[in-house]
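Engineer:
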Amino acid sequence: MARLHEYQAKQRLRAHGIQTPRGDVASSPEEAERIAGEIGAPVVVKIQAWTTGRKAMGGVVFVDTPAEARAAAKTLLAMKVGAFPVTQVLVEERVAIRGELFVSLMIDDAARAPVMLVAPGGGTGIEERADSVHQLACAIAEGPRQGDVLAALGGMGVDDETTLRLGDAVGKIYETARACEARSLEVNPLVVLDDGRVVAADCRMTVDDYAVFRHPELGIEIAREMDHPPTALEKVAYDVEQADHRGTFYFAKLNTEAEAGTKGLIGFHGAGGGGSMMSMDAITNAGYTIANFTDTSGNPSASKVYRAARIILTQPGLVGYFGSGSGVASQEQFWSAYGLAKAFWEVGLEIPAVIRLGGNSEDRAVHILEKACAELPAAVEGYKKDDTPQMIAERFDALVQAAGGKTHDVRSRRVPAFVGKADAYSFPITGGTVWIDAARWGEIGSVVVEHSHGLLKDVGGRPALAVAQEEIAGKDSELIACEVECRMAGADIVFVDLDIPGLEGVVA
Ligand code: GDP
Ligand code: MN
């Protein structure tokens with residue numbers, strides 16, 4: 001289930017004729033001040049976080065002037081909800097409320113139909129007033145029956161005209177949900193103002209993941225179940241997954257700092273659901289805080305594993321890299337080994353990495369990983385299916401202890417000197433560029449040809465493509481393998497420069 005921000009959900013309500021307080025979203029105190037100035041009246045400043053009861057946690061602040069809005073935004077933007085910093089606040093005109101109504105729509109799976117809940121009073125404490133909640137059955141095309149709606153509004157104590165206006169808004173809330181294919185939509189509260197207007201003061205909406213692609217108007221960045229608004233790094237990871245459908249890649253941020261009493265924050269890289277869960281338990285039991293959950297599985301390309309590793313290593317404060325998933329993957333594990341080895345080389349890995357590469361061709365995979373990483377400052381060890389997650393978690397712990405609290409520097413990345421040079425040989429591939437040091441080709445080009453999976457050849461002492469450009473463009477995994485193999489063979493004249501759009505902005 002994908003979630004909308006309050007301001008996104010309110011946009012949808014407005015598109016369907018429901019009024020909301022004037023306002024806009026801000027990501028800095030200055031912006032909040034400017035918006036408050038434009039509104040030119042007392043405002044309410046609210047954190048944009050996916051949680052109920054923001055008011056109770058101090059996330060809703062009422063102020064009278066733009067300067068106060070700025071100060072309130074400063075405080076709110078320094079808040080955290082769970083492990084996640086608040087990055088946006090909504091600045092809205094403060095409205096004079098006469099009455100509140102709780103309106104909620106969800107899909108009743110048993111009835112296979114939408115159902116609406118309506119309760120006078122709205123606001124907080126709705127759970128304790130269960131007996132005042134009216135449950136309205138909905139016909140898919142028509143929504144709730146008007147008679148039921150009006151009966152539910154009886155307890156509002158407002159005049160007939162206002163009751164009709166509220167009833168009309170309830171109908172429009174239904175239309176909004178239907179148009180957006182919402183799984184749930186809650187307006188709490190829908191309010192009647194002193195001047196009689198009916199306004200949605202708050203709104204929460206979720207949409208089925210599989211419906212999101214039909215609704216670009218919703219502005220949902222990640223069509224996946226998450227408990228927090230996507231972080232910058234999660235957006236980068238999601239774009240990687242969308243651009244490459246070979247295997248699955250999933251990245252979710254869990255913690256930004258080590259929990260008290262643990263031995264440090266670690267990057268986690270799993271493969272396959274069940275094995276990943278066991279491995280996360282093992283590393284947690286060994287005393288570590290997991291910074292992220294990552295899964296690359298379903299026969300991922302080497303480039304996808306490479307990008308996953310680079311993304312994991314963009315998290316500040318890591319003391320180690322722990323990779324362990326299903327011990328019996330039927331995919332060829334050496335592709336993962338090449339991807340990891342390339343990423344670790346580029347960042348010049350200084351923190352220990354323990355990777356379980358259990359499954360097909362695990363011997364070859366472990367050999368590649370360990371040999372390719374032998375020159376790195378960090379200890380990098382590969383393990384196989386018979387090595388239990390618990391055993392390798394203990395090994396990881398020993399290596400991290402031996403490293404003495406060293407943390408990974410997210411800014412470190414190296415590319416060979418010949419990359420980008422005018423006299424280098426280069427050609428584009430999907431998502432990047434391959435570079436070859438033409439100056440040293442005469443001496444060791446034959447090693448490159450040998451490891452090129454038949455993709456490269458020598459023509460008159462110069463490197464050349466052995467296949468059509470269109471064919472080589474999709475051979476990123478083979479070319480990563482070539483780069484790693486050549487480096488191991490002492491022929492370090494090949495480099496595959498792969499784009500990860502947006503990653504540099506996260507590091508900066
Ligand atoms: P929540 O705590 O996360 O549900 O955040 P809401 O946006 O619903 O705000 C909490 C409560 O603050 C609402 O239930 C209202 O009672 C009150 N509130 C929100 N906006 C306004 C406003 O513009 N004027 C007034 N008077 N009260 C408001
Ligand atoms: Mn609310």
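So for the sequence shown, my numbering puts the first residue at 1; every next one is plus one.
Heads up, the beta-carbon is just placed ideally off N, CA and C, and yes, glycines get one too.
Given the structure is predicted, the values throughout are model-derived calculations rather than measurements.
Are the region 488 to 499 and the region 430 to 443 in contact at 8 Å, needing three or more beta carbon pairs?
Structural biologist: yes
Engineer: According to DSSP, is ILE500 helix, strand or coil?
Structural biologist: coil
Engineer: Quick one, which of LEU101, HIS215, ALA177 has its alpha-carbon nearest ALA113's?
Structural biologist: ALA177
Engineer: Quick one: what does DSSP say VAL158 is sitting in, helix, strand or coil?
Structural biologist: coil
Engineer: Where the beta carbon is closer than 5 Å to any heavy atom of the ligand MN, which residues qualify, in chain order?
Structural biologist: Residues with their Cβ less than 5 Å from any non-hydrogen atom of the ligand MN, running along the chain, are ASN188, ASP202.
Engineer: Just tell me which of GLY267, VAL103, ALA78, GLY167 has its CA closest to the CA of ARG204.
Structural biologist: VAL103
Engineer: What does the alpha-carbon distance come out to for the pair GLY298 and SER276?
Structural biologist: 13 Å
Engineer: Could you tell me the alpha carbon to alpha carbon distance between ARG214 and CYS180, rounded to whole angstroms?
Structural biologist: Taking the Cα positions, ARG214 is about 9 Å away from CYS180.
Engineer: Does the beta-carbon of VAL95, which I'm using as the reference point, lie nearer than 7 Å to any heavy atom of the ligand GDP?
Structural biologist: yes
Engineer: With 16 other CB atoms within 10 Å as the buried threshold, where does GLU362 fall?
Structural biologist: buried
Engineer: For GLN333, which of ARG440, VAL448, PHE418, ALA481 has the nearest alpha-carbon?
Structural biologist: ALA481
Engineer: State the start and end residues of the unbroken alpha helix (DSSP H) segment that holds ASN299.
Structural biologist: Taken as a continuous stretch (DSSP letters only), ASN299 belongs to no alpha helix (DSSP H), as it is neither H nor E.
Engineer: May I ask you to list the residues that DSSP assigns as paired with ASP134?
Structural biologist: A small correction: the amino acid at residue 134 is His; Asp does not occupy that position in the sequence shown. VAL118, per the DSSP bridge assignment.
Engineer: Rounded to the nearest angstrom, what separates MET57 and VAL63 at their Cα positions?
Structural biologist: 17 Å
Engineer: Once DSSP output is grouped into helix, strand and coil, what is the label at ASP409?
Structural biologist: coil
Engineer: Less than 8 Å separating the beta-carbons of GLY325 and ALA258?
Structural biologist: no
Engineer: Give me whichever residues DSSP pairs with GLN572 in a beta bridge.
Structural biologist: Nothing in the structure corresponds to residue 572, since the chain is present only between 1 and 508.
Engineer: Can you grab the Cα-Cα spacing for the pair ALA152 / ALA110, in whole Å?
Structural biologist: 23 Å
Engineer: For VAL187 versus LEU166, is the C-beta spacing smaller than 8 Å?
Structural biologist: no
Engineer: What does a CB cutoff of less than 7 Å around ALA32 pick up in its chain, not counting 5 residues either side in sequence?
Structural biologist: ALA26, VAL45, ALA69, ARG70, ALA73, VAL89, VAL91
Engineer: Relative to the ligand GDP, is the shortest distance from any of its heavy atoms to the C-beta of GLU241 smaller than 7 Å?
Structural biologist: no
Engineer: So for TYR7, helix, strand or coil by DSSP?
Structural biologist: DSSP places TYR7 in helix when its eight states are reduced to three.
Engineer: So which of GLN331, LYS406, ILE283, GLN48 has the shortest CA-CA distance to GLY323?
Structural biologist: ILE283
Engineer: According to DSSP, is LEU218 helix, strand or coil?
Structural biologist: In the three-state scheme derived from DSSP, where H, G and I count as helix and E and B as strand, LEU218 is classed as helix.
Engineer: Please find out if some non-hydrogen atom of the ligand GDP comes closer than 7 Å to the beta-carbon of VAL44.
Structural biologist: yes
Engineer: I think SER132 touches PRO120, with their Cβ atoms under 8 Å apart; what is that distance to the nearest whole Å?
Structural biologist: 6 Å
Engineer: Can the beta-carbon of GLY267 be found closer than 8 Å to that of LEU318?
Structural biologist: yes
Engineer: Taking ILE311 and ILE500 to be in contact with their CB atoms under 8 Å, please state how far apart those CB atoms are, rounded to whole angstroms.
Structural biologist: The Cβ separation is near 7 Å, so the contact holds.
Engineer: Between the region 288 to 304 and the region 245 to 255, do at least 3 Cβ pairs fall closer than 8 Å?
Structural biologist: yes
Engineer: Consult DSSP for THR52 and reduce its assignment to one of helix, strand or coil.
Structural biologist: coil
Engineer: Using beta-carbon positions only, say whether ALA343 and LEU313 come within less than 8 Å of one another.
Structural biologist: One thing to note: ALA343 has its Cβ within 8 Å of the Cβ of LEU313.
Engineer: Is PRO229 near the ligand GDP, in the sense that its beta carbon is under 7 Å from a heavy atom of that ligand?
Structural biologist: no
Engineer: Distance check for TYR338 and HIS367, CA to CA, integer angstroms please.
Structural biologist: HIS367 and TYR338 have their C-alpha atoms spaced approximately 11 Å apart.
Engineer: Tell me, which residues are paired with LEU318 by DSSP?
Structural biologist: LEU265
Engineer: How is PHE213 classed by DSSP in three states: helix, strand or coil?
Structural biologist: In this structure, PHE213 counts as helix in the three-state DSSP scheme.
Engineer: Do you know how far the Cα of ALA36 is from the Cα of ALA531?
Structural biologist: Any property of residue 531 remains undetermined from this structure, which presents the chain solely from 1 to 508.
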